[in-house]
Each structure stands twice: as structure tokens, then as C-alpha cells.
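**Q** Numbering-wise (the working numbering), the sequence shown opens with residue 911 and increments by one.
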Amino acid sequence: MRLRGRKNIRESLEQQSDLVVLEPQELKGKWNAFFENDNPIYIEIGMGKGQFISRQSFNNPNINFLGMDIYDELLRRGCEKARALWKSERDAEEVPNLALVRGNAENLQDMFEPGELERIYLNFSDPWPKSKHARRRLTHPRFLEKYKQALSEIGEIHFKTDSLSLFEYSLNSFSNTELQMRHISLDLHRHGLRDDLVLTEYETKFVGQGMPIYRLEAVIGDKVVAEHRRNVAGELAREMKRNGAVTLNAISDEEYEADHK
């Protein structure tokens, strides 16, 4: 991805230390101190122009958000988008629960202590379609292991893509690393735009072109996995009870006895 950035981008970012973190390794284990609260921390890895993470921070003031990218120009655009949103809708000069981070997922362990994050968003990541580049995909098992280390006992990964091949690869990758998956969708907006979810720039474009969006959630932390399994078991028990009631009501005593001789 080649970006034509403005002159003096670095200087501009350095002057926005309230919103931009250029050396995230210095805040390892100290992110809550940076935000001056103990709220959970969610991160979008590969934030693009920042529409998704800006809107998430605005919609959820009790959560701390991080938008991470490796390009200074995208950090600059993200700053403009976030500040404009908060200024126009809340007349706020600062964005209190968002930080835009220059960093690479390869170095996640250098930026966060184990359990410091609660949720990771992977939105429309580069699919790296050639097999020889599979290790670069952000859902490759080696990255999933990094996420598992950084996420807390209620940690989750929320993954969206327009690439069917990447989604198929990711399903296998999550399964092979024994992660529990839920809310799997092969066409997220088939019944119209989901107003309960925040869209990215790419997502808005692709949906407008009639393309399907693939999505899943992976639960990682011990607590959220246990809760997920309880929910699945409860739903199965309810389904079995419903099916059993239908079966017993649908046949006569004579038919039941005949079938069980």
C-alpha cells in the first residue's frame, strides 16, 4: 500500500501526543494509566483511515480504544477524522478514550502485557492471496498466538472481510488453534445494513456494490469461553426439550410403544 502523505507528517503527529502514540512499547503495561481510568481496552489492528475506530470511541465512552497502523499518513487521517467527529457531534476539542498507535502486529508482545487487551478487531485485513505469503495474514496461527497472549480472560477477536478465500483460510486457522467461534456470517448485511454494527470505509463501499461481507467472532479468554459453552449447552437443551415435546405430542401411545419394542 503506497500513500502520498503530506509534508511534515511526523512533526504533526508528534504535536498530538494526547491522541497519537508513536512509541507504544513505552506504554506496555501502562495503557490504563495513559487513559487515566481502568476501562477495558479494545484495539483495531490495521485501522485504515480511522472511520471505524473513531465511531466506536464516540459510541462507547466507557471503553478505551486503540487504532493501530504502520503508516504515518493513516495516523494523520485518523486524527483528523476523530477530532472532526467529536467536534461536530459533541463540540469536544479532545478525544478522551482513543489513541492512534504506530505499530505492527508482529510486535504486539512488546506493546502489551499479557491480558492487557479485551478485544481485537481485524477489519478487512490484507488477504495476501498467494500461498507463499500465508504467514503475513493477520489470522495466521502465529498471529493468533500473539493475540491469545495479549487478550484477557474475557478476550475476543472480531473479524470481518470481503475476501471469501481469506475467510475460508481464517475459519481453518481459528479451528486449528482450537478457538471457539460464534456469530459466523457469510453475508452480514443480506437483510439490510446492520445498524447495531459500525461499518468501515471499505465495508460501506463493498456493501454498496452488493458484495457479501463475511464475519465471525472468536472467544479466547477462559471466562468468555466458559460462558459461550454454557450458552451453547443451554440452547441445545432447550432445542432437545422442544423436539422431545413435539415428538411425544405427535404420536400416539400405541405408536410410541411399537417403536420401542
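Beta carbons: idealized from backbone N, C-alpha and C, even for Gly.
Quick caveat, the model's predicted, so the values are computed rather than measured.
Hey, would you say Leu1126 sits closer than 7 Å to Phe1053, going by beta carbons?
**A** Going by C-beta atoms, Leu1126 is not nearer than 7 Å to Phe1053.
**Q** Within 7 Å of any Cβ in chain B, is that where the Cβ of Glu1127 sits?
**A** Judged by its chain identifiers, the structure shown contains no chain B, having just a single protein chain.
**Q** By the DSSP assignment, the alpha helix (DSSP H) with Leu1074 in it spans what residues?
**A** Per DSSP, Leu1074 belongs to the alpha helix (DSSP H) from 1074-1086.
**Q** Going by DSSP, name the residue or residues bridged to Asp979.
**A** DSSP, once it has assigned bridges, lists Arg1012 as partnering Asp979.
**Q** Would you kindly check if the distance between the Cβ of Glu1023 and the Cβ of Lys1151 is under 7 Å?
**A** No, they are not a contact pair.
**Q** Can you tell me which of the three DSSP states Met1150 falls into?
**A** Residue state, collapsed to three classes: helix.
**Q** Decide if Asn1033 is buried, meaning its Cβ has at least 16 other Cβ atoms within 10 Å, or exposed.
**A** Asn1033 should be labelled buried.
**Q** Taking the straight line between their C-alpha atoms, what separation do you get for His1170 and His1043?
**A** Its pLDDT being 49, under 50, His1170 is placed unreliably by the model, and nothing is read from it.
**Q** In chain order, which beta strand (DSSP E) runs of at least 3 residues are fully inside the region 925-1013?
**A** Listed in chain order, the complete beta strand (DSSP E) runs (minimum 3 residues) inside the region 925-1013 are 951-955, 974-979, 1008-1012.
**Q** Please classify Gly988 as buried or exposed, where buried requires at least 16 other C-beta atoms within 10 Å of its C-beta.
**A** Flag for Gly988 reads buried.
**Q** So what's Glu1137 in DSSP terms, helix, strand or just coil?
**A** Glu1137 falls in the helix class under three-state DSSP.
**Q** Measuring straight from C-alpha to C-alpha, what distance separates Phe944 and Glu936?
**A** One C-alpha to the other measures close to 11 Å.
**Q** Relative to the alpha-carbon of Asn974, which residue among Leu1008, Glu999, Ser998, Glu990 has its alpha-carbon at the smallest distance?
**A** Considering only alpha carbons, the answer is Leu1008.
**Q** Please say whether Ile1130 and Gly1025 have beta carbons closer to each other than 7 Å?
**A** Not in contact: Gly1025 and Ile1130 (Cβ atoms no closer than 7 Å).
**Q** With which residues is Glu1066 paired in a DSSP beta bridge?
**A** In the DSSP output, where bridge partners are listed per residue, Glu1066 has Arg1029, Val1129.
**Q** Using 7 Å as the threshold, is the C-beta distance between Phe962 and Val1108 below it?
**A** Yes, the Cβ-Cβ distance between Phe962 and Val1108 is below 7 Å.
**Q** With a cut-off of 8 Å on the beta carbons, I'd call Leu1089 and Ser1062 a contact; round off their distance for me.
**A** The pair is not a contact, with the Cβ atoms about 15 Å apart (cut-off 8 Å).
**Q** Nearest-angstrom Cα distance between Glu921 and Leu1096?
**A** Distance between the alpha carbons of Glu921 and Leu1096 is about 43 Å.
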